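Numbering (UniProt numbering), first residue to last: 1 to 482.
Comments concern the structure below.
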């Protein structure tokens with residue numbers, strides 16, 4: 001009885017600890033990233049990078065239209081999605097990058113944007129595994145096992161994340177960029193009715209959007225400010241990772257507050273509140289109608305509308321914060337606790353302990369099982385991570401004799417879970433991650449329809465290979481550097 005109470009209290013403590021850290025850390029970091037996105041900074045940078053890859057064709061007059069190599073533009077954008085995803089996380093990349101691709105593929109005449117949209121989604125989600133700050137699942141794992149931001153978490157996830165995104169100078173054969181490039185250059189999309197010529201996922205030549213990147217900036221000064229702020233925040237996070245008394249939220253929370261105060265200050269007089277004036281000559285009928293629809297001046301809806309009028313950009317940024325993850329994660333935690341109370345978590349932990357006979361089996365099994373089974377079926381990758389954390393912390397697994405004798409098994413399980421929960425975001429269902437649901441929704445708004453069968457087919461081609469590469473690197477790190 002006492003043991004059950006202790007286990008329940010530890011799990012409840014874990015939930016509230018994660019809830020507090022997520023609220024302070026993820027939402028503070030997310031506010032800076034989303035505020036940068038709201039300024040148009042990410043979209044402007046995407047336009048700038050795409051235009052820089054364009055060149056005037058040889059033997060053409062200077063006034064000739066600039067074109068870009070399809071492969072070069074594809075590569076440039078791919079690297080941009082990955083680097084930006086490491087810095088700001090996958091959600092801002094999905095928000096801004098997907099809308100940008102919808103516009104870019106339309107104006108460049110790409111009739112089948114599959115290669116471009118999938119490369120962006122895959123790059124952003126793999127990049128989010130690199131830092132604790134890039135994904136809520138990383139925050140959960142780091143908090144549950146008390147992992148240091150840099151020396152405990154990032155040093156074990158950055159290398160697999162980068163290697164699975166390796167560029168053309170690497171000799172690795174099965175990695176994301178070469179895999180995507182070779183696949184989409186080799187395969188041909190189905191010909192659509194009324195089209196002529198041979199279709200291609202990545203055309204040989206493209207004309208980048210003729211748009212001044214500055215025109216995409218809604219707030220140039222804000223873009224510079226938030227870019228500098230997020231870089232400073234990350235630098236301070238790295239610098240303080242060696243100080244045990246400094247927790248991650250102590251660095252990110254001030255950054256988020258500074259970003260919020262800056263936005264409120266700059267918009268304080270831009271959109272003055274106006275008091276509606278009653279027109280003269282109001283008849284009785286109009287008075288009756290307005291009275292029947294009377295709304296208290298200090299009601300919550302009235303305050304919300306007033307705030308949106310006065311601070312439109314700040315209100316938009318706040319509305320895009322992952323606040324909805326809190327009740328969602330709370331519900332998943334309750335379900336996980338229900339499994340624990342009924343004894344299922346202990347049974348799952350016992351099964352996993354029997355499977356985990358050595359680090360290699362543990363890492364590869366969890367790498368495949370989480371990404372291909374749990375993420376699609378357990379309420380997104382967040383649900384899968386919550387369940388796995390409960391299982392890994394259960395005494396039937398963590399205190400099993402062979403795991404106590406070989407700590408590398410538990411270490412490998414932790415970081416295999418971290419990598420697989422991010423890779424599982426592009427598993428065979430849209431609901432494998434909230435980012436997937438957001439991605440397909442934005443594409444639909446832009447007139448790009450991705451069918452569930454198509455999503456599953458492409459990702460089931462890429463995911464097992466990338467999971468193999470990431471798991472192999474995790475195993476190498478656990479065996480050689482732990």
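The C-beta atom is built at its ideal place from N, Cα and C for all residues, glycine as well.
On a predicted model such as this, the values are computed, not experimentally measured, just so you know.
{"query": "Under the three-state DSSP convention, the category residue 35 falls into", "result": "helix"}
{"query": "contact_flag[the region 353 to 373, the region 408 to 416] where n(CB pairs < 8 Å) is 3 or more", "result": "yes"}
{"query": "Neighbourhood of residue 352 by C-beta distance below 7 Å, restricted to the same chain and skipping five residues each side", "result": "391 and 397"}
{"query": "Buried versus exposed call for residue 393 [16 or more other C-beta atoms within 10 Å across all chains shown]", "result": "buried"}
{"query": "Rounded Cβ spacing between residue 319 and residue 372 (contact assumed at less than 8 Å)", "result": "Between residue 372 and residue 319 the Cβ distance is about 34 Å, and since that is not below 8 Å, they are no contact."}
{"query": "Cutoff 8 Å; reference residue 267; Cβ partners in own chain excluding five residues on either side", "result": "310, 311, 312, 313 and 314"}
{"query": "Spatial neighbours of residue 202 in its chain, beta-carbon cut-off 7 Å, leaving aside the 5 residues before and after", "result": "70, 71, 74, 115, 184 and 185"}
{"query": "Alpha helix (DSSP H) segment containing residue 404, residue limits", "result": "401 to 405"}
{"query": "Unbroken alpha helix (DSSP H) run spanning residue 67, endpoints", "result": "Here residue 67 belongs to no alpha helix (DSSP H), and DSSP marks it neither H nor E."}
{"query": "DSSP-derived helix/strand/coil call for residue 95", "result": "helix"}
{"query": "Per-residue burial, residue 355 [other beta carbons within 10 Å of its own, 16 or more giving buried]", "result": "exposed"}
{"query": "Check: residue 437 C-beta below 7 Å from any heavy atom of the ligand MN", "result": "For the structure depicted, the ligand MN is absent and the ligand set is empty, with no information on it obtainable."}
{"query": "Pair within 8 Å by beta-carbon distance, residue 370 and residue 421", "result": "yes"}
{"query": "Buried or exposed (CB count within 10 angstroms, at least 16 for buried), residue 210", "result": "exposed"}
{"query": "Simplified DSSP assignment, three categories, for residue 187", "result": "coil"}
{"query": "CA nearest to the CA of residue 51, picked from 122, 207 and 133", "result": "207"}
{"query": "Any alpha helix (DSSP H) of 4 or more consecutive residues that is wholly inside the region 347 to 400", "result": "359 to 369, 380 to 393 and 395 to 398"}
{"query": "Minimum length 4: unbroken alpha helix (DSSP H) runs contained in the region 431 to 474", "result": "434 to 445"}
{"query": "CB of residue 41 within 8 Å of CB of residue 215, strictly", "result": "no"}
{"query": "Extent of the continuous alpha helix (DSSP H) to which residue 319 belongs", "result": "312 to 319"}
{"query": "Member of 304, 381, 389 and 299 whose CA lies at the smallest distance from the CA of residue 339", "result": "389"}
{"query": "Reduced DSSP category for residue 305 - H, G, I as helix; E, B as strand; rest coil", "result": "helix"}
{"query": "Other residues of its chain near residue 458: CB distance less than 8 Å, five sequence neighbours each side excluded", "result": "114 and 118"}
{"query": "Sub-8 Å separation of residue 92 and residue 33 beta-carbons", "result": "yes"}
{"query": "Rounded distance between the beta-carbons of residue 400 and residue 366, thought under 8 Å", "result": "Not really, about 15 Å apart at Cβ, beyond 8 Å."}
{"query": "For residue 76 and residue 96, the rounded distance between their alpha carbons", "result": "16 Å"}
{"query": "Of the residues 48, 380, 467 and 344, the one placed nearest residue 331, counting alpha carbons only", "result": "380"}
{"query": "Coarse secondary structure for residue 262, derived from DSSP in three states", "result": "helix"}
{"query": "Local conformation of residue 423 per DSSP, three classes", "result": "helix"}
{"query": "Counterpart residues of residue 205 in DSSP-defined beta bridges", "result": "69"}
{"query": "N- and C-terminal bounds of the alpha helix (DSSP H) containing residue 268", "result": "Run containing residue 268: none; DSSP gives neither H nor E here."}
{"query": "Other residues of its chain near residue 81: CB distance less than 8 Å, five sequence neighbours each side excluded", "result": "93, 97, 119, 120, 123, 124 and 127"}
{"query": "Every unbroken beta strand (DSSP E) within the region 71 to 137, with a cutoff of 3 residues, ordered by chain", "result": "none"}
{"query": "Buried or exposed (CB count within 10 angstroms, at least 16 for buried), residue 45", "result": "buried"}
{"query": "is_contact[residue 97, chain B] using C-beta, thresh 8 Å", "result": "Of the protein chains in the structure, only one exists, and it is not chain B."}
{"query": "Buried versus exposed call for residue 300 [16 or more other C-beta atoms within 10 Å across all chains shown]", "result": "exposed"}
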